[in-house]
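Residue numbers (the working numbering): 2 to 216.
C-beta: ideal position from N, C-alpha, C; glycine also.
Here's the structure we're looking at; comments come further down.
Below is the structure:
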C-alpha cells in the first residue's frame with residue numbers, strides 16, 4: 002500500500018524515524034546501488050545536517066570515496082553484482098566509521114540465526130519506532146513484497162505501525178516506488194526468500210536486518 006494512499010499513521014503518530022529519514026531519502030544511482038543508497042540515507046540521518054556551510058551532505062559517490070572500498074564500488078556500479086548480507090553489515094560499519102558516527106551495528110538473519118524469529122523482528126521494530134536515535138536497513142526479496150522483480154534488495158525502514166502490524170519501507174528504487182506499507186509477516190518472509198539462480202553470485206542469498214543504534 003503506497004503512502005500516497007495511506008498516510009494516516011504518519012499523520013497521527015510521532016513517527017520519529019520517518020521524519021528523520023525523509024529529508025535524506027534518495028534514489029539509488031544505479032540498478033545495483035540499493036545498498037549504497039540505503040547506507041547513504043542512514044549516514045545522513047544519523048549524522049544530521051552539517052553545521053558548517055563548507056561541509057556537504059553525504060552522497061553515494063562521496064561515501065564510496067570516504068570508504069575507499071573498491072569491492073563495494075564494483076558491486077554498486079551499473080550491472081554490478083550487488084552485495085551479500087554480510088557485505089551490507091561491513092559496508093554499514095565502515096561507512097559510519099568514515100564519518101565518525103559512533104553507533105552499535107546489530108544484525109540478524111532469519112533462517113540462520115535461531116533467535117531471529119518473527120516475534121524478535123516485531124520487538125526490534127517496536128524498539129526502533131521509539132526515537133530517531135536508531136534506524137533499520139533491511140535486505141529482502143523485493144518481489145515477495147511488491148509482486149514484481151524476484152531478487153535481493155536493500156532499503157531503510159521508515160516506520161512501524163504496531164496497531165496494524167505494518168512496516169513502512171522507504172524503498173530506494175525510486176524509479177518505480179514511493180514509500181509503501183507491507184505486513185510485518187510478509188516482510189519477514191521476504192527476508193528469508195533465497196535469491197533465484199539467475200542472480201549470479203547472489204544465488205541462494207537470504208536477507209535480514211541491520212539495526213544501527215547511535216551511541
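*May I have the straight-line CA-CA distance separating residue 180 from residue 169, to the nearest angstrom?*
Roughly 7 angstroms between the two C-alpha positions.
*What is the DSSP secondary structure of residue 160, counted as helix, strand or coil?*
Reduced to three states, the DSSP call for residue 160 is strand.
*Nearest residue (CA-CA) to residue 13, options 186, 161, 46*: Taking only the C-alpha atoms, the option nearest residue 13 is 161.
*asked:* Checking the sheet assignment: what are the DSSP bridge partners for residue 185?
replied: Residue 185 is not bridged to any residue.
*From 215, 155, 94, residue whose alpha carbon lies closest to that of residue 29*: That would be 155, whose Cα lies nearest to the Cα of residue 29.
_Where the alpha helix (DSSP H) containing residue 92 begins and where it ends_ = Unbroken alpha helix (DSSP H) run through residue 92: 86-99.
*Simplified DSSP state of residue 109, which is helix, strand or coil*: For residue 109, the three-state secondary structure derived from DSSP is strand.
*With burial defined as no fewer than 16 other Cβ atoms inside 10 Å of the residue's Cβ, what is the status of residue 70: buried or exposed?*
Residue 70 should be labelled buried.
*asked:* Rounding to the nearest angstrom, what Cα-Cα distance links residue 105 and residue 214 in this structure?
replied: C-alpha separation (whole angstroms): 5 angstroms.
*Name the two residues that bound the continuous alpha helix (DSSP H) containing residue 52.*
Per DSSP, residue 52 lies in no alpha helix (DSSP H) and is assigned neither H nor E.
*asked:* In whole angstroms, give me the CA-to-CA distance for residue 89 and residue 9.
replied: Rounded to the nearest whole angstrom, the C-alpha separation of residue 89 and residue 9 is 32 angstroms.
*What residue range is occupied by the uninterrupted alpha helix (DSSP H) comprising residue 136?*
Per DSSP, residue 136 is not a residue of any alpha helix (DSSP H); the beta strand (DSSP E) it occupies stretches across 135-142.
*residue 195 by DSSP, collapsed to three states: which one?*
If DSSP states are grouped into helix, strand and coil, residue 195 belongs with coil.
*Measure from the alpha carbon of residue 200 to the alpha carbon of each residue in 59, 36, 81, then state which is nearest.*
Nearest in C-alpha terms to residue 200, of all of 59, 36, 81, is 81.
*Would you tell me roughly how many angstroms separate the C-alpha atoms of residue 109 and residue 206, rounded to the nearest one?*
Cα to Cα, residue 109 sits roughly 14 angstroms from residue 206.
*Host alpha helix (DSSP H) of residue 72 (start-end)*: Residue 72 -> alpha helix (DSSP H) spans 71-77.
*Closer than 6 angstroms by C-beta to residue 39: which residues in its own chain qualify, once you throw out the five before and the five after it? Chain order, please.*
The answer, listed in chain order, is 138, 155, 156, 157, 173.
*When the Cα atoms are used, what is the spatial distance from residue 75 to residue 186?*
Cα to Cα, residue 75 sits roughly 33 angstroms from residue 186.
*Write down the C-beta distance between residue 77 and residue 99 rounded to the nearest angstrom, noting that I regard them as a contact closer than 8 angstroms.*
That belief does not hold up - the Cβ atoms of residue 77 and residue 99 are roughly 15 angstroms apart, past 8 angstroms.
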